[in-house]
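Quick notes on the structure that follows.
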Amino acid sequence: MQYFYLLNVSFSIFQACLELVFCPHIKNTHLEHQGSIHLMICQQWIAEFNGNPDSLFFNDGKRRIDFVLVYEDESKSASEKKGSQRRREFFEGSLMNMGVELEATQSVMDEKLVYVKVHMPFEVLCTYAEVLHIKLPIQPNDLAPQSSAYNCFTHHFYPSEDVIAKEADFFTAPFQKDQLKCFWVKDREQFFTPAMRSRMAYYILSRAPYDVKGNVKKFGFNKLLDGGVYKAAYPLHDCRFNVKSKEPDCPNERFLLYNEWAHPKSFYKMQPLDLIRKYFGEKIGMYFAWLGFYTVMLTLAAAVGLGCFIYGYTTRETSTWSKEVCDPRIGGEIVMCPQCDEICPYWRLNTTCESSKRLCIFDNYGTLVFAIFMSVWVTLFLEFWKRYQAELEHDWDTVEFLQQEEQLRPEYEAKCIYERVNPVTQETEKVPYTACGKCMRVSCGIGTVLFWVLLIIASVVGVIVYRLAMFITFSSKLRSELNNRKELEPFKEYVTPQMATSITASIISFIIIMILNSVYEKVAIWITDFELPRTKTEYENSLTLKMFLFQFVNYYSSCFYIAFFKGKVVGYPGQPVYWLGSLRNEECDPGGCLTELTTQLSIIMTGKAVWNNIQEVLLPWVKNLMFRHCTQVGSEKVIPRWEQDYRLQPIGKLGLFYEYLEMVIQFGFVTLFVASFPLAPLLALFNNLCEIRVDAWKITTQFRRVVPEKAQDIGAWQPILQGVAILAVATNAAIIAFTSDMIPRLVYYWAFSVSPYSDGSDHTMTGYINSSLSVFNIADFKKAIRPSEEITPYWFNNITTCRYRDFRHPPSHPNQYDFSIYHWHVIAAKLAFMIVVEHIVYFTKFMLSYMIPDVPEALKEQIKRERYLTQVILHETNIKHFKELMKPIADNLHYVSPKLL
1 MQYFYLLNVS
11 FSIFQACLEL
21 VFCPHIKNTH
31 LEHQGSIHLM
41 ICQQWIAEFN
51 GNPDSLFFND
61 GKRRIDFVLV
71 YEDESKSASE
81 KKGSQRRREF
91 FEGSLMNMGV
101 ELEATQSVMD
111 EKLVYVKVHM
121 PFEVLCTYAE
131 VLHIKLPIQP
141 NDLAPQSSAY
151 NCFTHHFYPS
161 EDVIAKEADF
171 FTAPFQKDQL
181 KCFWVKDREQ
191 FFTPAMRSRM
201 AYYILSRAPY
211 DVKGNVKKFG
221 FNKLLDGGVY
231 KAAYPLHDCR
241 FNVKSKEPDC
251 PNERFLLYNE
261 WAHPKSFYKM
271 QPLDLIRKYF
281 GEKIGMYFAW
291 LGFYTVMLTL
301 AAAVGLGCFI
311 YGYTTRETST
321 WSKEVCDPRI
331 GGEIVMCPQC
341 DEICPYWRLN
351 TTCESSKRLC
361 IFDNYGTLVF
371 AIFMSVWVTL
381 FLEFWKRYQA
391 ELEHDWDTVE
401 FLQQEEQLRP
411 EYEAKCIYER
421 VNPVTQETEK
431 VPYTACGKCM
441 RVSCGIGTVL
451 FWVLLIIASV
461 VGVIVYRLAM
471 FITFSSKLRS
481 ELNNRKELEP
491 FKEYVTPQMA
501 TSITASIISF
511 IIIMILNSVY
521 EKVAIWITDF
531 ELPRTKTEYE
541 NSLTLKMFLF
551 QFVNYYSSCF
561 YIAFFKGKVV
571 GYPGQPVYWL
581 GSLRNEECDP
591 GGCLTELTTQ
601 LSIIMTGKAV
611 WNNIQEVLLP
621 WVKNLMFRHC
631 TQVGSEKVIP
641 RWEQDYRLQP
651 IGKLGLFYEY
661 LEMVIQFGFV
671 TLFVASFPLA
681 PLLALFNNLC
691 EIRVDAWKIT
701 TQFRRVVPEK
711 AQDIGAWQPI
721 LQGVAILAVA
731 TNAAIIAFTS
741 DMIPRLVYYW
751 AFSVSPYSDG
761 SDHTMTGYIN
771 SSLSVFNIAD
781 FKKAIRPSEE
791 ITPYWFNNIT
801 TCRYRDFRHP
811 PSHPNQYDFS
821 IYHWHVIAAK
831 LAFMIVVEHI
841 VYFTKFMLSY
851 MIPDVPEALK
861 EQIKRERYLT
871 QVILHETNIK
881 HFKELMKPIA
891 DNLHYVSPKL
901 L
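For the sequence shown, counting from 1, position 762 maps to 762 in full-length UniProt numbering; every step adds exactly one.
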């Protein structure tokens, strides 16, 4: 029946084309008439499902299904869409004119749905394999494979070769249809892999016209999907993820991937990258290769960071300056000035004993060593990734992909109405915009991005204003609540107004980040579509740059504020600095801003990880569960493979973009602010171990099979990672110099703990706390900011001075409250530290980059050898083929020549 369906449809389309040529005045009415004929034939001769749920073929069991299109039958729908019906019929006719074979089957679950199965005959596959420059095997590779110590170590963690067989290695060359005999064709049906077939099918779908207006053809399959002409389009999974197929020749690759890769029991195993690449394509394979490599490299950083944390935790009780803060005879006798106007009381320094101990965990000499180590680590990570990426490019035949295979986007081609001279070929070509139009589109994109960046900065300012306002509130009410309620007594030493303000502001900042993200994503996609990039790679790179710039400001702005701006310009108690004329600029927590930065990082990293896992795991699972519940069928019905896949979630237009973005943002947290939070690599390691399996589970079980795509590398993410690595050196050096107290302590130890600034002769940290706090005369308070008598502590009797964090002259000095010599020593030491450390680290990074080549020498030689052998094989095959063609002619000449004699 399906043959009759194809024959009638082809005849109707042919008749329509004849009348378009010879009777143009009736073309519109005839197209509508042809649509009704086509619909009638479709309704009458739709092929019935053969009852085999595991079949990947047409009903004849011979023609493989390369793609599936799903649409809703308008004749059985409440709302008729004649325009959609006409476009679909024209589109399917275009596909058949291009040599594609179709077979329609009505849904088992919903009679309104029709599934159109697409098959690519071998001749069509050969044609488009040449168009796409797909590399195919010409001869088995007999060269000895390269081995490394890393492979010897990880070999024990790979799935058994008895379960996942090792891929055969071949010499490959770009396919040429007229040289088919040069290629390794043992079985015409197996010559092109299912991933190749699906990729070529999608290429044809994207370029088949669906309408003609005048002399302009309209094409772009995504427009049909967006317009509701088709409800879905996807290649088929080869089997169910948890049950093997009963088909005898089915490779069950999805089942193998689930059991050996996506299942939680396989968390310790290395990823089967070759099978991932074979099943999902090079682009997804490259993402999981990068994520796995990043996770492996994180183990070293996590181990060193954990060691740094343990060192700080074990030495927090022995720190000299921490003991001085906690000592009742030192910290208990130091009265600190109020940190806000009127409602903040005087307080003793030893009330921040626990805060100072927490600060010792992260602010120690181990942090300096770890920050320098991470600067070297990130360089090694990027350089070794380039080498590993080069090996994958060679193994997966993507070395020359961008130069040969990158095709124009259908959306770009569809709007090419202007002409220009190609500067390379000097031939006339079509483009969608003039030079002025392109400039206007790019300018619009830049302006939109800048507007949203300014919007983020405005939100950060709003959070800062919240901090200033809430600090006053917490200062007036929090202490009284803790003192009056006995059940909160244990938290009295831990919960300070600064800490409460920091935690609540971090949570609000995280919520704002999530909201702005969801809105900006849609804006960035719209702007990138408006710019009309030429190829998909250019599209993704443009979108990547926009999104990362926004996400960079969105996620990191609050961290930059705490690290480099908060508490830096606060004045002194008698003359504080105000925001907006009334809000006093906030000071750091008594333990320092480093503690607040650590709190901010931990909240954002943890909250982001939890939120992303909810989005990636829970939402697709719930959607699939609801869809299955709404489309329940009787247990006696057998559901075909294409309907099982339709019940899964679509992968989305941007594919892996959000996965890369999530990991690169995490990479920024791990590198940019690691000096304040040595446990960041450890948290990232735990997250990534889960992320690999979650992404694998999601893409294998919850989503339809993606259209395989080629990819040479990780795209625009590579230069972004390099930029983050360069910036990380400066940020970590600045955190140690300007956010932590390490430099003031070193200055005191080497300069101010001995003569002439002190009476001692030995370098020591004793007395550091007293020297780091300036003195303020209470009588110098202005009336508007003087603390009220109602909140004055009972122990505050006959005290004339209070202390504050700064290096200024005391009240009795001729230059009272001006910066002291200690302050300028510290500033000079901070600048010198930044310059020296940055130059040393940058020089080390440069030397490592120079010493570690991007492509291993052995691999270079192997690539040259394979190219040479490939040319030899093709040359010898062509000569052999030429001799076979000439042999009959030579035999005829040999037969004729004796007669002539």
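Where is the CB? At the ideal position from N, CA and C, for every residue including glycine.
Within the same chain, Cβ atoms closer than 6 Å to the Cβ of Asn59 are found at Ala47, Asn50, the five residues on either side in sequence being excluded. Between Gln644 and Asn624, the gap from beta carbon to beta carbon reaches 8 Å or more.
Here the region 375 to 393 makes contact with the region 839 to 850; the two share three or more CB pairs at distances below 8 Å.
By the CB criterion at 8 Å, Asn141 and Phe183 fall outside the cutoff.
Taking 8 Å as the upper bound for CB-CB distance, Trp290 and Ile714 are in contact here, some 5 Å apart.
Taking the C-beta atoms as reference points, Lys117 is found no nearer than 8 Å to Glu72. Here Ser55 is buried: its Cβ has 16 or more other Cβ atoms, across all protein chains shown, within 10 Å. Look at the region 349 to 375 and you find these whole runs of alpha helix (DSSP H), each 4 residues long or longer: 353 to 362. Distance from the CA of Asp529 to the CA of Gln722, rounded to the nearest whole angstrom, comes to 27 Å. For the set Ile508, Ala390, Asn585, Leu359, the Cα lying nearest the Cα of Leu468 is the one of Asn585. Comparing alpha carbon positions, the residue from Arg63, Ile134, His133, Arg88 closest to Glu103 is Arg63. Using a Cβ-Cβ distance cut-off of 8 Å, the region 676 to 696 and the region 223 to 240 are not in contact, since fewer than three pairs of beta carbons, one from each stretch, lie closer than that value. One alpha carbon belongs to Arg641, the other to Pro251, and they sit about 15 Å apart. Pairing Glu596 with Ile562 gives a Cβ-Cβ distance under 8 Å. Secondary structure at Thr318: coil, using DSSP grouped into helix, strand and coil. Taking a C-beta distance under 8 Å as the contact criterion, Arg534 and Tyr418 do not qualify as a contact pair. The beta carbon of Thr800 lies closer than 8 Å to those of Asn777, Ile778, Ala779 in the same chain, with the five residues before and after it left out.
For His133, the closest alpha carbon among the candidates Pro174, Glu521, Ala262 is that of Pro174. Closest option to Gly93, judged by alpha-carbon separation, among Arg188, Tyr210, Gln702: Tyr210.
Here the alpha carbons of Ile372 and Glu838 stand approximately 10 Å from one another.
Annotation for Asn541: Gly715, Ala716 place their beta carbon closer than 7 Å to its own, counting only its chain and skipping 5 residues before and after. Listed in chain order, the beta strand (DSSP E) elements of length 3 or more contained wholly in the region 787 to 815 are 801 to 805. For Gln139, the enclosing beta strand (DSSP E) starts and ends at 135 to 140.
Each residue's CA atom was taken as its position, placing Trp452 and Tyr520 some 8 Å apart. Contact fails between the region 280 to 290 and the region 667 to 678, because fewer than three Cβ pairs, one in each stretch, are under 8 Å apart. Straight across, the Cα-Cα distance linking Ser740 with Ser788 is about 33 Å. As DSSP reads the structure, Phe819 sits in a beta bridge with Arg808. In this structure, Phe807 is the residue among Phe807, Glu282, Lys181 with its C-alpha nearest to the C-alpha of Tyr572. Boundaries of the beta strand (DSSP E) around Thr428: 428 to 431. Bounds of the beta strand (DSSP E) holding Leu69 are 67 to 72. The straight-line gap separating the alpha-carbon atoms of Phe91 and Ala208 is approximately 7 Å.
Unbroken alpha helix (DSSP H) runs of no fewer than 4 residues, entirely contained in the region 512 to 583, are found at 536 to 564, following chain order.
Going by DSSP, Asp226 is part of the alpha helix (DSSP H) stretching over 221 to 226. Separation of the CB atoms of Arg441 and Leu532 is rounded to 7 Å, and the pair is thereby assigned contact status at 8 Å. DSSP places Phe171 in the strand class (E or B) of the three-state scheme.
Judged by beta-carbon spacing, Glu260 lies within the 8 Å limit of Pro159, meaning their Cβ atoms are closer than that value.
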